[in-house]
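In the working numbering, the protein residues as written are 1 to 506. Yeah, the Cβ is synthetic: ideal placement off N, Cα and C, and Gly gets one too.
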């Protein structure tokens, strides 16, 4: 190492040691910032340019030397300068500081590292040459590694400084906005200190990630995390595979395939056939649905995910802190510490509070798969995707289907042309579709079940043997600890998030 490198290294080490020796870290805490907020704001109002320059210089130095406290400084930027100017100043100061750290690592260590490990780093260098900006941008947006580590490690690669600066400027902007905005509400942060400034954060973690829910989203999340060698625990309280395997995609598509086969046989002439006939038993069709589920189930099984490196637990999970999940199993209760938590608990059918519904009994998309006796008259309440596909499937299997929808058309989320096409097809297949009919009450008279619905101010009586409720689904968000965390729910009872998809905290 030549003399210039030695001088720079000694200067940086001296600055870092001095920072800690003279108590610099004690000034970059939430408590210190709140205590000094008034005097700092007064100084800014009196000497705005000096305050701005001094703040930017401190931020650059802290970032360039990879010192702790950048998050506090970002909050301070919002508290002192407001959202707009705070974001502008922090964005440029953080990028300049990061670039200085990048250049320092390059000047001090890159030649040595490349000379000693050049052959091993060949593939990485080639990847950086081709798509380095994309790698960096991804790391900036998904900070699995601390930003200071990204600055230093990128300095050891062949990435150009102008690329590093430009990508960092853009990539760090979202996170900057979040923390600067939090800083504008500094007075409210005291009760939320654990969310931004963890006071009881473990020094060591059992896990990198805990995933709650082993449905489609949870399985994919756990799989990808395990593939990159993260230590993952997957917790499921009911059935592996979740809705998709057990009550949603798989069974519904299996049933639809059987129903389509029957429909095509009835249209034999359209395919150039004189005739076709199929003899079937409804119970056997539903058993086939279960067979399809059982065939696919091993792909979502505990054994497979264990082989992939995922610890899988059947039990109930509850988040008790930002880094701890309590798991209750049949045998015991334990607490897992983790760096990150994903709630992928799926959804459940919405059951509307209509008088008499419990008395007549009802099916949902979760329970319909237990049927083995075909309903002669099936009433489907709801005209969305689930209601439509099951209405058509049961009609093709031979049930007399009536579909009731309170809105002006089926599948309201789709284009009008799609709704019209579905309605015409249903009418052709003898499905009775009642639009603008609002369910008011269920009654039983002389052993006969009826729905009383309102249409154009009149009461309509609709007789049925079984009713399928398909008016929508609601996210499973309760019972996992988010209420205690103060996380808000949206109007649709999902976790409320801001423009950056971060949870909104009350």
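Classify residue i as helix, strand or coil using the three-state DSSP reduction.
i, result
"residue 274", "coil"
"residue 120", "coil"
"residue 41", "helix"
"residue 446", "coil"
"residue 308", "coil"
"residue 299", "helix"
"residue 27", "helix"
"residue 348", "strand"
"residue 233", "strand"
"residue 477", "coil"
"residue 104", "helix"
"residue 34", "helix"
"residue 62", "helix"
"residue 587", "Here the chain comprises residues numbered 1 to 506, so residue 587 is not present and cannot be evaluated."
"residue 157", "coil"
"residue 503", "strand"
"residue 247", "coil"
"residue 467", "strand"
"residue 151", "helix"
"residue 413", "coil"
"residue 321", "strand"
"residue 216", "helix"
"residue 141", "helix"
"residue 354", "coil"
"residue 239", "coil"
"residue 376", "coil"
"residue 95", "helix"
"residue 495", "strand"
"residue 431", "coil"
"residue 129", "helix"
Could you check the C-alpha separation between residue i and residue j for me, to the nearest Å?
i, j, result
"residue 444", "residue 253", "33 Å"
"residue 8", "residue 14", "10 Å"
"residue 362", "residue 452", "15 Å"
"residue 66", "residue 212", "34 Å"
"residue 165", "residue 102", "9 Å"
"residue 336", "residue 226", "17 Å"
"residue 133", "residue 95", "15 Å"
"residue 404", "residue 460", "11 Å"
"residue 51", "residue 11", "26 Å"
"residue 516", "residue 302", "Any property of residue 516 remains undetermined from this structure, which presents the chain solely from 1 to 506."
"residue 433", "residue 427", "7 Å"
"residue 48", "residue 86", "13 Å"
"residue 240", "residue 315", "11 Å"
"residue 341", "residue 136", "24 Å"
"residue 16", "residue 36", "23 Å"
What are the boundary residues of the alpha helix (DSSP H) that residue i is part of?
i, result
"residue 483", "482-485"
"residue 425", "416-428"
"residue 16", "3-21"
"residue 387", "385-396"
Under the rule that 16 or more other beta-carbon atoms within 10 Å means buried, what is residue i, buried or exposed?
i, result
"residue 146", "exposed"
"residue 259", "buried"
"residue 365", "buried"
"residue 190", "With a pLDDT of 44 at residue 190, under the threshold of 50, the modelled position of that residue is not reliable, and the figure given next carries that caveat. So residue 190 counts as exposed."
"residue 207", "buried"
"residue 59", "buried"
"residue 449", "buried"
"residue 411", "buried"
"residue 261", "exposed"
"residue 273", "exposed"
"residue 19", "buried"
"residue 21", "exposed"
"residue 188", "Reliability of the predicted coordinates at residue 188 is poor, the pLDDT of 49 falling under 50, and the value obtained from them is presented with this limitation in mind. So residue 188 ends up on the exposed side."
"residue 236", "buried"
"residue 193", "Below a pLDDT of 50, predicted positions are generally treated as unreliable, and residue 193, at 39, falls in that range; the measurement from the model is reported next regardless. Exposed is the call here."
"residue 199", "With a pLDDT of 45 at residue 199, under the threshold of 50, the modelled position of this residue cannot be trusted; read the value that follows with caution. Residue 199 is exposed by the Cβ-count criterion."
"residue 233", "buried"
"residue 502", "exposed"
Taking the beta strand (DSSP E) that residue i falls in, what are its first and last residues?
i, result
"residue 338", "333-343"
"residue 164", "Counting along the chain, residue 164 falls outside any beta strand (DSSP E), though it belongs to the alpha helix (DSSP H) covering 161-171."
"residue 461", "458-464"
"residue 359", "Here residue 359 belongs to no beta strand (DSSP E); instead the alpha helix (DSSP H) covers 357-360."
"residue 403", "400-405"
Is there a Cβ from chain D that is less than 8 Å from the Cβ of residue i?
i, result
"residue 344", "Of the chains in the structure shown, none is chain D; there is only one protein chain."
Is the beta carbon of residue i within less than 7 Å of some heavy atom of the ligand ADP?
i, result
"residue 271", "This structure lacks the ligand ADP, and indeed carries no ligand of any kind."
Q: Tell me, please, whether the stretch 47-65 touches the stretch 155-166 by the rule of three or more beta-carbon pairs shorter than 8 Å.
A: no
Q: Take every Cβ of the stretch 452-467, pair it with every Cβ of the stretch 367-377, and state whether three or more of those distances are shorter than 8 Å.
A: yes
Q | Three CB pairs or more closer than 8 Å across the stretch 292-306 and the stretch 239-253 | A | yes
Q) Quick check: the stretch 316-335 against the stretch 413-429, are there 3 or more CB pairs under 8 Å? A) no
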